[in-house]
Amino acid sequence: MARRSDERTPTRANSRLSREGIVAAAVELADRDGLAGFSMRRLAQHLGVDAMSLYYHVRDKETLLAAMADAVTAEIAADDQNGDEAGAWTDRLRALIMQARRTMLRHPWAARVIEERDTPTPAVLLHIERVLAIMRAGGCSVDLCHHAIHLLGSRILGFSQDLFDDAPGADPPPPEVFAALPHVAELAAAVAHSGELSGCDDETEFAFALDLLLEGLARRRG
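The working numbering applies: residue 65 is where the sequence shown begins, and numbers increase by one.
Here it is as structure tokens:
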């Protein structure tokens, strides 16, 4: 029986695959479905190929996740319209970090992948280089830059790590705990946050903390 002309064999599918194409498709799938059900098998189905064909281009799932996070981080520079030369260094650094946040909000899963990695990917290192270049051009010492990298932490990449989750729907502590901690109870009753990247990581809290940190760094520079 003759094979239909539009039927793809694994060999023909493999010839059309590339590492870049696989990474782009994986980012698209993670954006759509999140990481909870992400797998090489589901990615292969998404691409319409045999799962084993993916391993010609990426060694394993962890390698693919690193490449996906790297591709997302690279979007920060591609999307940045502010440039590195105009305005005060604090304004330029704030604009770059807020651009990083907008990028991460398009790909909320990426923050978790970056957090869980022991070593930064090339695009993350390039982004940190841009942060340091802005600070050094603004007159910050190497020592202050070093402290700033630790102080800003994950905010450099547009998200923050929170002590606990106070998002709507999060499980509250039991009443007997609040009874012994009146100030914690007062705070919990007064505030609630929602965020794509973590419980407290909404736009207002992120920008508030970032502005405080930049103001403090500017004073230290002076």
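Heads up, the beta-carbon is just placed ideally off N, CA and C, and yes, glycines get one too.
These numbers come from a predicted model, not from an experiment.
{"Query": "State buried or exposed for V91, treating a residue as buried only when at least 16 other CB atoms are found within 10 Å of its CB.", "Result": "buried"}
{"Query": "Just to confirm my understanding: we take V136, look at its own chain, exclude 5 residues before and 5 after, and list those with CB closer than 7 Å. What are they?", "Result": "V91, T167, H171 and A174"}
{"Query": "How should H191 be labelled, buried or exposed, when 16 other C-beta atoms within 10 angstroms of its C-beta is the threshold for buried?", "Result": "buried"}
{"Query": "Between the stretch 213-226 and the stretch 158-167, are three or more C-beta pairs nearer than 8 Å?", "Result": "yes"}
{"Query": "Going by Cα to Cα distance, which pick from A130, V87 and D266 is closest to E180?", "Result": "A130"}
{"Query": "When the Cα atoms are used, what is the spatial distance from L274 to L189?", "Result": "20 Å"}
{"Query": "Give the DSSP-derived three-state secondary structure of Q225 in the structure shown.", "Result": "coil"}
{"Query": "Note the first and the last residue of the continuous alpha helix (DSSP H) segment covering T137.", "Result": "K125 to D143"}
{"Query": "Can you tell me whether DSSP reads V248 as helix, strand or coil?", "Result": "helix"}
{"Query": "From what residue to what residue does the alpha helix (DSSP H) around H121 run?", "Result": "First-last for H121: undefined, no H or E at that position."}
{"Query": "Rounded to whole angstroms, how far is the Cβ of A187 from the Cβ of A138, which I believe are closer than 8 Å?", "Result": "4 Å"}
{"Query": "Looking only at its chain, what residues have a beta carbon closer than 7 Å to the beta carbon of H247, apart from the 5 residues adjacent to it on each side?", "Result": "none"}
{"Query": "When the Cα atoms are used, what is the spatial distance from D114 to M104?", "Result": "10 Å"}
{"Query": "Can you tell me the Cβ-Cβ gap for V122 and R83, rounded? I've got them flagged as a contact below 8 Å.", "Result": "7 Å"}
{"Query": "Ignore the nearest five residues each way along the sequence and tell me which others in R284's own chain have a CB closer than 7 Å to its CB.", "Result": "L208"}
{"Query": "Taking L216 as the reference, which of S117, G98 and L157 has the closest Cα?", "Result": "L157"}
{"Query": "Leaving out the 5 sequence neighbours to the left and right, which residues in its chain are closer than 6 Å to V195 when beta-carbon positions are compared?", "Result": "I220"}
{"Query": "Would DSSP call V113 helix, strand or coil?", "Result": "coil"}
{"Query": "Can you look up S218 in the DSSP assignment and give me helix, strand or coil?", "Result": "helix"}
{"Query": "What would DSSP say about H171, mapped onto helix, strand or coil?", "Result": "coil"}
{"Query": "Would you mind working out which of Y119, L277, G98 and G101 sits nearest L81, comparing C-alpha positions?", "Result": "Y119"}
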